[in-house]
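Asks: Numbering (UniProt numbering), first residue to last: 1 to 829.
C-beta: ideal position from N, C-alpha, C; glycine also.
Quick one: structure below, then a few questions.
Spelled out as structure tokens, the structure:
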């Protein structure tokens, strides 16, 4: 904030005591239950939701920004007359708590709930309009009972299943990770390089909803940031193409590949399959097995990111077998290469080297044929080393002779393959099923019992929740398997089906399962008949406004959309998208870098609040820039915000007219300014330009102060009206000072119930504007003119001005520049 944009409060005037106001109004809101919704049908409902926090410690600067943004929305909607639900809770399972417990030789709940209490007190101090009656914690048994219940309902529908699979493994945290939790080849929690392991794990079948997750984005285009939708579309990665079967002599099972360019099949001169898939060990010949196994061991130590890097040298091993190209009949060699992943597609790709750079690089390294099948007019890849991807006539492709466009070529080749029984058109996805098993203690136990006689047996609903046993300290140390496995009294149970000896599943669920449905639970706090009451959800949802960081564009937002669609199919909700609007706030940085202890550039939120007050910190955050942009705290000035707030407070203290006085007889110019400003603020909030709204509030404070000091003074009813506008608008951002102003103005508490003022449309029309007249660049006169005045009339009026005639002193005019209605610039000859 630029300190020059605000003035110091008059040292002799009324002053705002931030500390006293915070203590007083926080207590009032809690006792009055100001922000507990009525939920009685008397008002239209709106649900405002912040992505709920993880209790890793006290609130930080990121919390300060994100929750201030959400609070602007909640307060604005309440003032607009809606019944607003703005709940709070904690995403309280997870690795940080477990690691802290190991370090402290304690139970994770001790660290977790102590931090929750600290954060709760800080949230209350921060002046947020939260409904505390709906508070929840995902680590409470009464919450994770329903997480387990939902898991079992998903399993009944075939959406939860268990299989052996190569998984991402964090060697430090000793647990598996979903693909989305691997960032640049590292664990998103601890930063350790991720490796691969083959384990039997639980999955949610997200892929069953791939098309709906894509197609339903049409519902979100008006309310979600385009970059988030793009990220989800790319992650789902729908591709149209074909499966092609390459016969393998001596085997009844072909090698099947998926390709988006089946039209280049005549150019396929080799196949590459994943070294860690199931096929390679089956088909490798004895002569090549030792080399293959050595290559497989090397691959296991590589991350998925490394394997897919485009600028990495391609490596591979020939398996000693050749497949048959189904259209050319040519024998083509079969390799393994680490750039092919077992979990993507079929785990096999065809190498059409002339038209794919990755395949071309591989072919050049191993001396494989490079067959041009599209005449793109570009240099031959055999010479240039650059694959050609442009369209053009097909060559060396008998069944495509005479075709020159890709769409027709692809369709024709698919038809040929289908007629041959060697392939079919298909759609594939980059999206993979959600791996939800975790080999750690502090999470919701998976409610399955394993019985040798009965197999996987669900825990009966009346035995939920399956509560965690009491483990502390070294009992929680990562062992490569879940710490729960060692809790034999907990693990060993009777089978619910046959009564024989059985064991509990010892994995816990990924914490993203908890956060995929918490917003439904807020609608029905304490409901005992299910995870939520469908009628409660119908009243409040979908969420009107969701606020949180873009870093959750895939990890969280995709999963919650999947959950909602599954619940819709179960008949529990009547909508398929849970959040109508999404606001992503930027990051709070310092000195151009993310805040961190290692960099020594952290900013303590509590210290900032102690020094400047909650209102000033919130105001500084919101005024700093558009919500989605990063904020560099080093460039900001909370002290400037303090000065502005004192100036705004003094306006209310100076007003002497009585509440309810008719403003119509007040200063006409101030009334017009106030109503135009209010209209601008309203539009700015609705379009999420909160920083611009703050700028407009500042302008109205200055305009009102000017009238107090130079006009009819504190008794002018227009001053009261403008001051009330300031207080109400300021309550969105700096609620404590706004409550103090409202009281000074003789109004009953709370300002949150005041209602948003009505704009008088008749005052929005500007009756006149000031036109500046320059002669040779110097101001020589001013005219009050109609905002719709034409250039000819403005020219005549300007030239008729006596002061302009004196400045010209009879000289001829070389040029007149007119910018109606605000400027006339005269250049003498």
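(1) Should the region 182–200 be called in touch with the region 557–569, which here means at least 3 C-beta pairs below 8 Å?
(2) Would you list the residues sitting across from residue 442 in a DSSP beta bridge?
(3) Could you have a look at residue 355 and say whether DSSP puts it in helix, strand or coil?
(4) For residue 410, report the span of its alpha helix (DSSP H) as first-last.
(5) If you pair each beta-carbon of the region 135–142 with each one of the region 176–183, do three or more pairs fall below 8 Å?
(6) Check this for me: beta carbons of residue 273 and residue 251, under 9 Å apart or not?
(7) Pick from 451, 490 and 485: whose alpha carbon is nearest that of residue 497?
(8) Residue ranges of each beta strand (DSSP E) run of no fewer than 3 residues wholly in the region 102–188, ordered along the chain?
(9) Among residues of its own chain, excluding the 5 on either side of residue 317, which ones have a beta-carbon nearer than 6 Å to its beta-carbon?
(10) Just list the residues that DSSP pairs residue 84 with in beta bridges.
(11) Distance check for residue 37 and residue 22, CA to CA, integer angstroms please.
(12) Hey, how far is the Cα of residue 394 from the Cα of residue 357?
(13) Please determine, among 320, 279 and 302, the residue with the shortest C-alpha to C-alpha distance to residue 287.
(14) Between the alpha carbons of residue 697 and residue 736, how many angstroms are there, rounded?
(15) Pick out whichever of 790, 48 and 668 has its Cα sitting closest to the Cα of residue 830.
(16) Could you tell me whether the Cβ of residue 234 comes closer than 9 Å to any Cβ of chain D?
(17) Expressed to the nearest angstrom, what Euclidean distance is found between the alpha-carbon atoms of residue 160 and residue 459?
(18) Kindly give me the distance between the Cβ atoms of residue 417 and residue 326, rounded to whole angstroms, as I take these residues to be in contact under 8 Å.
(19) Under the DSSP definition of a beta bridge, which residues are partnered with residue 817?
(20) Mapping DSSP to helix, strand and coil, what is residue 501?
(21) Can you check DSSP and say which residues form a bridge with residue 239?
(22) Let's test the definition: count the other Cβ atoms within 10 Å of the Cβ of residue 397 and tell me whether it reaches 16, buried, or not, exposed.
(23) Is it the case that the Cβ atoms of residue 638 and residue 653 are separated by a distance below 9 Å?
(24) State buried or exposed for residue 383, treating a residue as buried only when at least 16 other CB atoms are found within 10 Å of its CB.
(25) Per DSSP, what kind of secondary structure is residue 60 in: helix, strand or coil?
(26) Can you give me the start and stop residues for the beta strand (DSSP E) that residue 780 sits inside?
(27) Any contact of the region 626–638 with the region 578–593, i.e. 3+ C-beta pairs under 8 Å?
(28) Please work out which residues of its chain come closer than 7 Å, Cβ to Cβ, to residue 147, disregarding the five sequence neighbours upstream and downstream, and give them in chain order.
(29) Is residue 9 helix, strand or coil when you go by DSSP?
(30) Decide if residue 739 is buried, meaning its Cβ has at least 16 other Cβ atoms within 10 Å, or exposed.
(31) If residue 433 and residue 203 are in contact, beta carbons under 8 Å, what's the gap, nearest whole angstrom?
(32) Rank 243, 475, 522 and 535 by C-alpha distance to the C-alpha of residue 410 and give the top, closest one.
(33) Do residue 239 and residue 198 count as a contact pair if the criterion is CB distance below 9 Å?
(34) Considering only the alpha carbon of each residue, which of 685, 604 and 99 lies closest to residue 476?
(35) In angstroms, rounded to a whole number, what distance separates the CA positions of residue 39 and residue 46?
(36) Between residue 86 and residue 70, is the Cβ-Cβ spacing less than 9 Å?
Replies: Let's see:
(1) no
(2) Residue 442 pairs with nothing; no bridge assigned.
(3) helix
(4) 406–420
(5) no
(6) no
(7) 451
(8) 131–137, 160–170 and 175–177
(9) 291, 292, 295 and 336
(10) 46
(11) 22 Å
(12) 19 Å
(13) 320
(14) 16 Å
(15) Past the edges of the chain, shown from 1 to 829, lies residue 830, and the structure says nothing about it.
(16) You won't find chain D in this structure, because it holds only one protein chain.
(17) 14 Å
(18) 7 Å
(19) 825
(20) strand
(21) 428
(22) buried
(23) no
(24) exposed
(25) coil
(26) 778–785
(27) yes
(28) 444, 509, 513 and 514
(29) With a pLDDT of 38 at residue 9, under the threshold of 50, the modelled position of this residue cannot be trusted, and the question is left open.
(30) buried
(31) 4 Å
(32) 243
(33) no
(34) 99
(35) 10 Å
(36) yes
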